[in-house]
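Enquirer: Numbering (my numbering), first residue to last: 1 to 261.
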Amino acid sequence: MAKANDHDLTSGFATRAVHAGQAPDVATGAIMPPVYLTSTFAQSRLDEHCEFEYARTNNPTRETLERNLASLEGAYFAHAFGSGMAATTAVLSLLDPGDHVVCGENVYGGTHRVMTRFFERYGLNFSFVDTRDLDQIDDAISFKTKLIFVETPSNPMMHLTDIAAVSSLARDRGLAVVVDNTFATPYFQKPVELGCGVVIHSTTKYLNGHSDVVGGVVVTSRADLSERLAFLQNAAGAIPGPWDCWLTLRGVKTLALRMRQ
1 MAKANDHDLT SGFATRAVHA GQAPDVATGA IMPPVYLTST FAQSRLDEHC EFEYARTNNP
61 TRETLERNLA SLEGAYFAHA FGSGMAATTA VLSLLDPGDH VVCGENVYGG THRVMTRFFE
121 RYGLNFSFVD TRDLDQIDDA ISFKTKLIFV ETPSNPMMHL TDIAAVSSLA RDRGLAVVVD
181 NTFATPYFQK PVELGCGVVI HSTTKYLNGH SDVVGGVVVT SRADLSERLA FLQNAAGAIP
241 GPWDCWLTLR GVKTLALRMR Q
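(1) What would DSSP say about S142, mapped onto helix, strand or coil?
(2) Using 8 Å as the threshold, is the C-beta distance between A80 and P240 below it?
(3) In terms of alpha-carbon separation, which member of G215, T152 and V217 lies closest to Q189?
(4) For the 8 Å Cβ check, are there 3 or more pairs between the segment 190-199 and the segment 51-58?
(5) List in chain order: all unbroken beta strand (DSSP E) runs of 3+ residues lying wholly within the segment 7-93.
(6) Does the distance from the C-beta atom of V271 to that of A23 stay below 8 Å?
(7) Flag this pair as yes or no: are the beta carbons of F119 and K3 separated by less than 8 Å?
(8) Per the contact definition of three or more C-beta pairs closer than 8 Å, is the segment 165-177 in contact with the segment 122-142?
(9) Where does E120 sit, in a helix, a strand or coil, going by DSSP?
(10) Can you check whether the CB of V107 is closer than 8 Å to the CB of P242?
(11) Looking at L95 and R228, is the spacing between their C-beta atoms short of 8 Å?
(12) How many angstroms separate the CA atom of T64 from the CA atom of G98?
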């Protein structure tokens, strides 16, 4: 589990894109964080490890990326995954059989597919509505609803949903809100600041920005959700390799410039 520190959350966006979550390498003084291409880490003695134990559980390069992305979203915790769909799958895996999700009707095709063709087989239920219309969301909520899933701007129709309004509705109903922030990126909108509890990205898109790596991330400021996401990250193992993390971190450094342009 990687946590952004308070300094990371207060600097300017472009500065954080370059520096947040990173420090010169202790061993060499290298400015760029190393790519830690290792599967295992030495123990100080039998069954006693230091900060890192096994690369599926945590890896220094991955934690650097996670701290950086948490900072950009104005959140405290981030968990990197091997793809945007792995990140979405991890979030939906927090639910229990019988739970109900209200989801935007115009979401990424892979999101709709994993909901209807995978998670419905294991007892989750989904209602797809136009999330631009709060009444449609409200009408779809039942006593089994646990989550409202919003993608804005949506892929591919670029529909825009009022995150603050949906978050307010969800708060009144005691529900969680997940926002897929892939297309806007935290440069243009920060769902956590608008009341959303969980943010998802396909880092493959604008965050990386170079079309050379696939990845995903889940961001939250809730410690309880972060702990459960860390468990899923380790237990299911859908994690990115350290080289993929380094490439994404490289791409994020120019995010402010690219999005502004």
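Using N, Cα and C, we set each Cβ at its ideal position, and we do this for glycine too.
Expert: With the given structure in hand:
(1) Looking at S142 - three-state DSSP - the assignment turns out to be coil, as it is neither helix nor strand.
(2) A contact, by the Cβ cut-off of 8 Å.
(3) With respect to the C-alpha of Q189, the residue from G215, T152 and V217 having the closest C-alpha is T152.
(4) Verdict: no, contact absent.
(5) Complete beta strand (DSSP E) runs here, min 3: 43-45 and 77-81.
(6) Residue 271 cannot be examined here, being either before or after the span of the chain that is shown, 1 to 261.
(7) The answer is no: Cβ separation not under 8 Å.
(8) Yes, they touch.
(9) Annotated three-state conformation of E120 is helix, per DSSP.
(10) One thing to note: P242 has its Cβ no nearer than 8 Å to the Cβ of V107.
(11) No, Cβ-Cβ distance for R228 and L95 is not below 8 Å.
(12) Distance between the alpha carbons of T64 and G98: 37 Å.
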